[in-house]
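S.K.: One structure, pasted below without further comment.
2 protein chains.
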Amino acid sequence: MYRIGELAKLTGVSNDTLRYYEKNKLIAPAGRTDAGYRMYEDEAVRQIRFIQRAKGVGFTLSDINELLSIQLEKTEHSCHEVKTFTEAKLADVQQKLAELNRIKLALEKLNEACCGGPESAEHCSILQALETGDLADTRL
Amino acid sequence: MYRIGELAKLTGVSNDTLRYYEKNKLIAPAGRTDAGYRMYEDEAVRQIRFIQRAKGVGFTLSDINELLSIQLEKTEHSCHEVKTFTEAKLADVQQKLAELNRIKLALEKLNEACCGGPESAEHCSILQALETGDLADTRL
DNA sequence: ATAAACCCTGGAGTCTACTCCAAGGTCAAC
DNA sequence: GTTGACCTTGGAGTAGACTCCAGGGTTTAT
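Same order as they appear, the protein sequences are chains A and B. Counting from 3, one number per residue, gives the positions in the first sequence under our numbering. Counting from 3, one number per residue, gives the positions in the second sequence under our numbering.
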């Protein structure tokens, strides 16, 4: 059994964040002392680890809430359901990657065209591009 | 001269967003009518276009604030300064790309290991991986 | 007993980029 | 004149994931 500060140390998640997770139904203490202190069991540690791993692969807390409810009642859910969930997240990530790649290319192009020297910014090709939109390949 | 609604239509940026930009010192009306209506000139249109392009290459409004102040007093700034700014943004984007690629790989690995069929989630390798952290190559 | 560490709650704040609401004044077309 | 579109302001809300504050109770070690 752990008090909240002990659990925070054990998991690297702050007291406040633990309370936040509880408020959002991600974790729950096993019970309370007479003084109202939260008492957590090892199950909470495992739950937090699950949350940390899921966050690590890009799931939002809202996503994780769904995964946790699936995990809680595995017999009521299928592999198909979980995989669909994960595939949607993957698609999301791929979309973000595409957007960031576009941005990267545009920034690279801007940088290549700029001398980067001590000359006055009056002649700066980056500023000019932003002013005029004259960067055909970047869809500005 | 445009009123705010006209400028909104012209640029595709909402009235509220224009006021928000004004509040954040990104744009300013040329003046006000006696009734207090904002009146904008073509310079505001150009400024908003600049903002839109800069946003399009990943700059935050805070970044854009800096770029705009450079643009305003080009003679006080160098190409070097602008390029440094853009290079920092590029590094930022590259970092995000690296992180998203890591996440993508992890999600792909999770998905590959899962049959995705109608079987009970009791045996779901995705859930198991999140529970146990048993995904060596993904640094969960 | 004392002091410090720890805990509780409710509420508010941070960050970023908007978006909405309420109340009331102004402008343009009929 | 009337009506509807338009504008103003101040303030609050959204999304998501925290983080901080104030006031007060509890536990632990000295």
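Every residue, glycine too, gets a C-beta built ideally from N, C-alpha and C.
1. Using a Cβ-Cβ cut-off of 8 Å, state whether residue 32 of chain B counts as contacting chain A.
2. Rank A/7, A/43 and A/125 by C-alpha distance to the C-alpha of residue 85 of chain B and give the top, closest one.
3. Cα separation between residue 34 of chain A and residue 57 of chain A?
4. With a threshold of 8 Å on Cβ separation, who are the neighbours of residue 7 of chain B within its own chain once the five nearest residues in sequence on each side are excluded?
5. For residue 30 of chain B, which residues from the same chain have a beta carbon less than 7 Å from its beta carbon, with the 5 sequence-adjacent residues on both sides left out?
6. Using the beta-carbon count (16 or more within 10 Å), is residue 73 of chain A buried or exposed?
7. Applying a beta-carbon distance threshold of less than 9 Å, which residues of chain A neighbour residue 122 of chain B?
8. Could you tell me whether the Cβ atoms of residue 121 of chain A and residue 81 of chain B are closer together than 8 Å?
9. For the segment 81-103 of chain B, list every residue whose C-beta sits within 8 Å of some C-beta in chain A, in sequence order.
10. What does the alpha-carbon distance come out to for the pair residue 108 of chain B and residue 89 of chain A?
11. I need the DSSP call for residue 42 of chain B, collapsed to helix, strand or coil.
12. Under a three-way DSSP split, which group does residue 34 of chain B fall into?
13. Do you know how far the Cα of residue 92 of chain B is from the Cα of residue 61 of chain B?
14. Considering only their Cβ atoms, is the gap separating residue 135 of chain A from residue 55 of chain B smaller than 8 Å?
15. Comparing alpha-carbon positions, which option in B/3, B/42, B/36 and B/37 lies nearest residue 21 of chain B?
16. Where in the segment 27-115 of chain B do unbroken runs of the alpha helix (DSSP H), each at least 4 residues long, occur, reported from the N-terminal end onward?
17. Quick one: does residue 113 of chain A have its CB under 8 Å from some CB of chain B?
18. Contact criterion: CB-CB distance below 8 Å. Does residue 51 of chain B meet it with respect to chain A?
19. Hey, does residue 15 of chain A have any beta-carbon neighbour from chain B nearer than 8 Å?
20. Among residues of its own chain, excluding the 5 on either side of residue 142 of chain A, which ones have a beta-carbon nearer than 6 Å to its beta-carbon?
21. Is there a Cβ of chain B sitting closer than 8 Å to that of residue 47 of chain A, yes or no?
M.R.: For this structure:
1. no
2. A/125
3. 28 Å
4. 17
5. 24
6. buried
7. 76, 77, 78, 79, 80 and 81
8. yes
9. 81, 82, 83, 84, 85, 86, 88, 89, 91, 92, 95, 96, 98, 99, 102 and 103
10. 12 Å
11. strand
12. strand
13. 10 Å
14. yes
15. B/42
16. 44-58, 63-74 and 81-114
17. yes
18. yes
19. no
20. With a pLDDT of 45 at residue 142 of chain A, under the threshold of 50, the modelled position of this residue cannot be trusted, and the question is left open.
21. no
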